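Below is one structure, written out as structure tokens; the observations come after it.
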Amino acid sequence: MKYNLSDICDYAKGKINVSVLDEDTYISTENMMPNKGGITGASSLPTVAQTQSFSAGDVLVSNIRPYFKKIWFAEFDGGCSNDVLVFRTKEGVSKRFLYYVLADDTFFNYSMATSKGTKMPRGDKAAIMKYQVPDFTYEEQEKIAGLLEALDKKIQLNAEINENLAA
């Protein structure tokens, strides 16, 4: 059985004062790395008084040009630009499982197929919430996320070893 994405998460709606943010706690599409590469420090902060907030455990996805596959599992609380979608799990859903559902290339392909615009396509927020996700129990979600997280850690370790060898 499958569910709509809206059955397991919502878009977070909170605001945060920009004055409490810095280059390490502000996320925009510019400091999200392509191909699921995480984040870097921001080059600047917005000039508005408030921006969208996110919490540790949320999943942030760049909504501009989904084909760049910019996604990050929030490790701390902060603020982000309005071009970043903040997904927050509903009760009974594994946060890491949601991350892996959204990190799947199938999700990014769906987001592109339902996007609006050609030069700088943006994901259609309503269509995104209709994305089909598999139905697993919380225990199954945790098990799947745990296996995928272990693989990600091995990949990261291998990348670091390769960088050291190149140096």
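Heads up: the sequence shown begins at 1111 in this note's numbering, then just goes up one per residue. Virtual Cβ for every residue (Gly too), placed ideally from N, Cα, C. Note that the structure is predicted; figures quoted are calculated from it, not measured.
In the three-state reduction of the DSSP assignment, Lys1253 falls in the helix class, which pools H, G and I. Each of Thr1135, Asp1120, Gly1147 was checked against the Cα of Leu1155, and the nearest Cα belongs to Thr1135. Here DSSP, grouped into helix, strand and coil, assigns Asn1268 to helix.
Between the alpha carbons of Thr1216 and Asn1274 lies a gap of roughly 33 Å.
If you look at Ser1221, you'll find it in the alpha helix (DSSP H) that goes 1215-1223.
Annotated as proximal: Gly1124 and Ser1163, with beta-carbon spacing under 9 Å.
A distance of 9 Å or more separates the beta carbons of Gly1148 and Glu1133. For Lys1112, there is no enclosing alpha helix (DSSP H); the enclosing beta strand (DSSP E) covers residues 1112-1114.
For secondary structure counted as the beta strand (DSSP E) over 3 or more consecutive residues, the segment 1166-1200 holds these complete runs in sequence order: 1169-1172, 1181-1183, 1188-1190, 1194-1199. The beta carbons of Lys1205 and Gly1233 sit about 21 Å from each other, so the pair does not count as a contact at 8 Å.
Judged by their CB atoms, Lys1112 and Val1243 are nearer to each other than the 9 Å cut-off. Of the residues Gln1266, Glu1250, Ala1122, the one whose Cα lies closest to the Cα of Val1203 is Glu1250. Going by beta carbons, Cys1190 and Ser1225 fall outside the 9 Å limit.
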